[in-house]
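Enquirer: Numbering (UniProt numbering), first residue to last: 1 to 146.
Structure incoming, see below.
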């Protein structure tokens, strides 16, 4: 009987240790808090959008005017509520991240690093933005089946 108690206690310790291992270390990784200084959206995009249209086209597969028009169509659906503890990812940044990912064929991990967000965050942003793009653009730009 004593042996079974020891085994049960050991199993409980293992379960608790595993559960503790999955707890997040950070709500927002300290590296990502400087996103406004280092992110591709805030650095490269601002420069190429205002100066080098061909480079912008190479990056996002559309002109800056088309990007602005598309952003205007989806801005409301992509805007997240502000939270007191952290700044949400802007609708423009969400759209740019998704377009960069789709146009380049890069890995989600690489897109996350370029835009200075977490991998899971990038994955969620891309998924949500693609859904919004489909919902907004399909009625007016996609022909239905006859």
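For each residue, glycine too, the CB sits at the ideal point set by N, CA and C.
Just so we're clear, the structure is a prediction, and the values are computed from it rather than from any experiment.
Can you name the residues that DSSP bridges to residue 18?
Expert: Paired residue(s): none; residue 18 is not in a bridge.
Enquirer: Please classify residue 129: is it buried, with 16 or more other beta-carbons within 10 angstroms of its beta-carbon, or exposed?
Expert: Around the beta carbon of residue 129, a 10 Å sphere encloses 16 or more other beta carbons of the protein chains shown; the residue is thus reported as buried.
Enquirer: Just list the residues that DSSP pairs residue 86 with in beta bridges.
Expert: Answer by DSSP bridge pairing, in chain order: 83.
Enquirer: Whole angstroms are fine: how far does the CA of residue 18 sit from the CA of residue 126?
Expert: 30 Å
Enquirer: Within 10 Å of its beta-carbon, does residue 9 have 16 or more other beta-carbons around it, so buried, or fewer, so exposed?
Expert: It counts as exposed.
Enquirer: Measuring straight from C-alpha to C-alpha, what distance separates residue 108 and residue 123?
Expert: 6 Å
Enquirer: Taking the alpha helix (DSSP H) that residue 133 falls in, what are its first and last residues?
Expert: 119 to 141
Enquirer: Going by Cα to Cα distance, which pick from 84, 81, 83, 76 is closest to residue 135?
Expert: 76
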